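Novice:
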Amino acid sequence: MESTQQAEQQRSTRQRRRQLLEAADRVVLRDGPGASMNAIAAEAGITKPILYRHFGDKGGLYRALAKRHTDALLDALRAALDAPAGRRERVEATLDTYLAAIEARPQVYRFLMHPAEDTQLPEQGFDVGRHSAPLLRRLGEELAKVIEDRVDLGPGSEQLARVWGHGIVGMMHGAGDWWLGERPCPRDQLVRSLADLLWGRLAEVDDRAGGPGF
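In this text, residue positions in the sequence shown follow this note's numbering: the first is 1, and each later residue adds one.
(1) So, under 8 Å CB-CB, residue 94 and residue 80 are touching, yes? Tell me the CB distance rounded to an integer number of Å.
(2) Is residue 276 helix, strand or coil when you go by DSSP?
(3) Counting pairs of Cβ atoms below 8 Å between the segment 83-92 and the segment 147-157, do you hit three or more?
(4) Which partner residues of residue 151 appear in the DSSP bridge assignment?
(5) Tell me which residue opens and which closes the alpha helix (DSSP H) that residue 54 is part of.
(6) Provide the residue span of the alpha helix (DSSP H) that contains residue 173, from first to last.
(7) Compute the beta-carbon to beta-carbon distance between residue 133 and residue 161, rounded to the nearest angstrom, for a pair I have assumed lies under 8 Å.
(8) Please state the DSSP three-state secondary structure of residue 69.
(9) Which residues mark the beginning and the end of the alpha helix (DSSP H) in which residue 106 is found?
(10) By the three-class DSSP mapping on this structure, what secondary structure does residue 213 have?
(11) Could you check the C-alpha separation between residue 14 and residue 32 for me, to the nearest Å?
(12) Using the beta-carbon count (16 or more within 10 Å), is residue 137 buried or exposed?
(13) Pick helix, strand or coil for residue 45, following the three-state DSSP scheme.
(14) Label residue 121 either buried or exposed according to how many other C-beta atoms from any shown protein chain fall within 10 Å of its C-beta, with 16 as the threshold for buried.
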C-alpha cells in the first residue's frame, strides 16, 4: 500500500513539475531573457515559494528548462543524422536543424544563452553564462559519441571525436548566435557555408565498420 501511494505521489510530482515547466516556457516565449520567477509563478497560478519548492532557485529552473529543450534538440539532431541521405546532405540537415531550432524560438534561445539584458535588476545570484556552459558541453559530448560510433578516425579516435564534437558545437553556437542577431544571409546559405568548412576531413574518413554510418 505504501509503495503504491509513493508511486502515485511521484507521478503527481512529475506531472506538476511538467506543468510548471510549461508555464515557464510560456513566460520565456513572451519575456525572453527577462523572464522572472515572479512572472513564472504568476503564470502557473502559484506563489514564488511553491516554485522554489520544486526547483530550488532560478538556477534550478533554468537547468530543468535547459534539459527539456536540449533533449528535444538532440532528438531532432539524431533524426537528421539518421535520415536516408548522403553524408553531405546529412551534415547540412544537421546544421539546418540546429539553426532552425534557434530561429523558431529565439526568446527561448536567448533565455538559455544570454543574460537578462533587458532588465535593470537581474535576479541576484543568477549567472546565465555559468549555467549555459554545461549545456554546450553536453551537446559537445553527445556529438562526440555520435562521431566516434559512426566514423573511423583511426588511432586516438575517442580524443579526436571529442575534439570534433566540441569544435562543431562551438562553431554552430558561435555562427548561429551571430546569425540570429544580425541575419546577414538566408539560413540555407549559412548552412552551406558551414558545411563547406566542415567538409574537407569529413569527406575523407570512412564509416566505422558495423556502425550506423555518418
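C-beta: ideal position from N, C-alpha, C; glycine also. In this text, all values refer to a predicted model and were calculated from it rather than measured experimentally.
Specialist: This is what the structure holds:
(1) Taking the first residue of the sequence shown as 1, we reach residue 94 at position 94. Taking the first residue of the sequence shown as 1, we reach residue 80 at position 80. Going by Cβ atoms, the distance from residue 94 to residue 80 rounds to 4 Å, so yes, they are a contact pair.
(2) Absent from the model: residue 276. The displayed extent of the chain is 1 to 214, so no value can be given.
(3) no
(4) In the sequence shown, residue 151 corresponds to position 151, counting from 1. For residue 151, which the question treats as bridged, DSSP gives the partners 207.
(5) Residue 54 sits at position 54 when you count from the first residue of the sequence shown. 48-55 is the extent of the alpha helix (DSSP H) around residue 54.
(6) For the purposes of this step, residue 173 is identified with residue 173 of the sequence shown, where counting begins at 1. From DSSP, the alpha helix (DSSP H) with residue 173 extends over 157-182.
(7) Residue mapping note: residue 133 aligns to position 133 of the sequence shown, counting from 1. Residue mapping note: residue 161 aligns to position 161 of the sequence shown, counting from 1. No, residue 133 and residue 161 are not in contact; Cβ-Cβ is about 20 Å, not under 8 Å.
(8) Residue numbering aside, residue 69 sits at position 69 when the sequence shown is read from its first letter. Three-state result, residue 69: helix.
(9) In the sequence shown, counting from the first residue as 1, residue 106 sits at position 106. Where residue 106 is concerned, the enclosing alpha helix (DSSP H) stretches over 106-113.
(10) Locating residue 213 in the sequence shown gives position 213, where the first residue counts as 1. Residue 213: coil per DSSP, three-state reduction.
(11) The residue labelled residue 14 in the question sits at position 14 within the sequence shown. The residue labelled residue 32 in the question sits at position 32 within the sequence shown. One C-alpha to the other measures close to 25 Å.
(12) Counting from 1 along the sequence shown, the entry for residue 137 is found at position 137. That one is exposed.
(13) Residue mapping note: residue 45 aligns to position 45 of the sequence shown, counting from 1. Residue 45: coil per DSSP, three-state reduction.
(14) Against the sequence shown, residue 121 aligns to sequence position 121. Low confidence applies here, because residue 121 scores a pLDDT of 42, under 50, leaving its location unreliable; read the following figure in that light. Residue 121 is exposed by the Cβ-count criterion.
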